[in-house]
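Only one structure is covered here, and it is reproduced in the block below.
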Amino acid sequence: MALIDTFGRRINYLRLSVTDRCNLRCSYCMPEEGVEKLCHSDVLSYADLLRISAEAVAAGIEKIRVTGGEPLVRKGILQFLERLGALPGLKELVLTTNGLLLKEMAQGLRDAGVQRLNISLDSLQAEPFARITRGGELSRVLDGIDAAERAGFPAHKINVVVMRGVNDGEILDFVKLTLERPYAVRFIEYMPTSGDADWRDLCVPGAEIMERITAQYQIEETVNTDRSGPSKNFRIIGAPGSLGIITAMTGHFCDSCNRLRVTASGFAKGCLFSGDGVDLRPILATGNDALLRQEISRIVEAKPGRHQVTDEGVETAPFAMSRVGG
Ligand code: SAM
Ligand code: SF4
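If you want it as C-alpha cells, here you go:
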C-alpha cells in the first residue's frame, strides 16, 4: 500500500516520539525553565505506540525514526524497539539520540534491531557543548559514539544545529571530522520553536554554510536514497565521511516532505510547524485498529503543501521541539 497526499507526495516515514522527557536541556529545543512535562497517564503506553505503528506500516509507512525528548531515558525502550522492528513490512528502524546513554545502551540497541543512529552533537569542545546543552558532558557523548561503532552500527549521522555566534565557528571542525571518520555530518538550520523573535539572527542559512565549506574544500555531490530525508548531501573529495545541509528554513523541503509525526501523547501531525493534527487517543480507546489506519490516511490527506514559518507576518504557535520529536 502507499500513502499519497493531495500534493502527490508519497508519505513513507514516521517520526515517533516515545517521551517528552530529556536528560539534557538544549537551548534551541527547550526553555531553561517552565517546560510543562506530560503527566504519566498522558504518555502513550508501548502497546499503544505499537498499535499506531503497525497500522501506519500497514498503510504505507516504511521507515520509523524513534525520537523524543530523549528516547533512551524511557524505561523498557529496548524491548519496545525489538517489537517495533519486528513489525511486518517495516523496512527501516532508526533512532535519534543525544548520545549520553549510548555507552551503556549501544549494544542493546543494535541487538534490538535498530539499524542506524542519528546523534545530536552541536560542539566538539567541552565548554560550548555544556553551554548549549545546559550541563551536558561532551566526553560521555564521544564515548557513546565510540561504543556504538563497536556495537556494529554503520557510520552514524551526526546532527549539528548551527547557530550564529554560538557554534558556527566550528563548522569547519565538523567538516574535518569527515576527513577522519566515516560519519555523515548534517548541518541543520536553526528553527524557531519557542516563539523567539530573534530566530533570524541565530539561523545561519544553508547557502552560507556551503560557502564557508567550499571556500576551503573541493566537494562532490552524493545521492540521496529514497527514504533518506531532506538533506542535500555531498562530501569533501576523498573523505571517508559525508556532509549534508538541511535547509529547514531558507529552502524549505516541503515539496519532497515524506513525513508524518506522532507525539508521545498520541497527537498525529502532518507538519512539524502546524498546530493541526489529530488526537489518536480516543480512537485507540475504541479498540478498533482499522479506524486508526483510516485516521492515518486522513492526516496524510490533510497534510499542508508547505509550512509558513518563514512567511512575512505569519506567526506559528510556540512549541518545544522535545514535545514533537524534532
Ligand atoms: N534527544 C534526541 C536528540 O537530541 O537527538 C532526540 C530528540 S531532538 C528534539 C531531535 C532533533 O531535533 C535533534 O537532532 C535536535 O538537534 C533537533 N532540534 C531540536 N530543536 C531544534 C531547533 N530549534 N532547530 C533545529 N533542530 C532542532
Ligand atoms: Fe533533549 Fe534532544 Fe531537545 Fe537536546 S535536542 S533538549 S537532547 S530532546
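When we follow my numbering, the leftmost residue of the sequence shown carries the number 322, and every step to the right adds one.
By construction, the Cβ of each residue, glycine as well, lies at the ideal position given by its N, Cα and C atoms.
Remember, predicted model here, so these are calculated numbers, not experimental data.
- Scanning G457, T454, C524, S563 for the CA closest to the CA of L493 turns up S563.
- Within the region 333 to 388, the complete beta strand (DSSP E) segments of 3 residues or longer fall at 334 to 338, 384 to 388, listed in chain order.
- In the same chain as Q436, and ignoring 5 residues on each side of it, the C-beta atoms closer than 7 Å to its own belong to E413, L414, V415, in chain order.
- Taken from the Cβ of G473, every heavy atom of the ligand SF4 lies 7 Å or farther away.
- A straight-line Cα-Cα distance of about 17 Å links R580 and M512.
- In this structure, S441 has its CB closer than 7 Å to one or more heavy atoms of the ligand SF4.
- For R485, the distance from the CB to the nearest heavy atom of the ligand SF4 is not below 7 Å.
- For the pair V387 and A469, the Cα-to-Cα distance works out to about 17 Å.
- For the pair L601 and I373, the CB atoms are nearer than the 8 Å cut-off.
- C-alpha of A569 to C-alpha of C524: approximately 10 Å in a straight line.
- Where R461 is concerned, there is no enclosing beta strand (DSSP E), although the alpha helix (DSSP H) around it starts and stops at 459 to 471.
- Inter-segment contact for the region 533 to 540 and the region 479 to 498 is present: three or more beta-carbon pairs are separated by less than 8 Å.
- Residue environment analysis places V506 among the buried positions, since at least 16 neighbouring C-beta atoms fall within 10 angstroms of its C-beta.
- Between the alpha carbons of C575 and S552 lies a gap of roughly 12 Å.
- The Cβ neighbour count for C360, taken over all protein chains shown within 10 Å, is under 16; the residue is labelled exposed.
- Residue pairing of D600 in beta bridges, as defined by DSSP: F588.
- Of the heavy atoms belonging to the ligand SF4, at least one sits nearer than 7 Å to the Cβ of G389.
- Annotation note: the region 386 to 427 contains the following uninterrupted alpha helix (DSSP H) runs of length 4 or greater, listed N- to C-terminal: 398 to 406.
- DSSP places I558 in the coil class of the three-state scheme, outside both helix and strand.
- Counting only the Cα atoms, T417 lies some 14 Å from N344.
- The beta-carbon distance between V583 and L337, rounded to whole angstroms, is 5 Å. This is short enough to meet the 8 Å contact definition.
- Under DSSP, N480 forms a beta bridge with S441, R507.
- Per the C-alpha coordinates, the member of G457, I557, D489 positioned closest to Y504 is I557.
- For G572, the three-state secondary structure derived from DSSP is coil.
- Less than 8 Å divides the Cβ of P526 from the Cβ of T571.
- Residue environment analysis places L500 among the exposed positions, since fewer than 16 neighbouring C-beta atoms fall within 10 angstroms of its C-beta.
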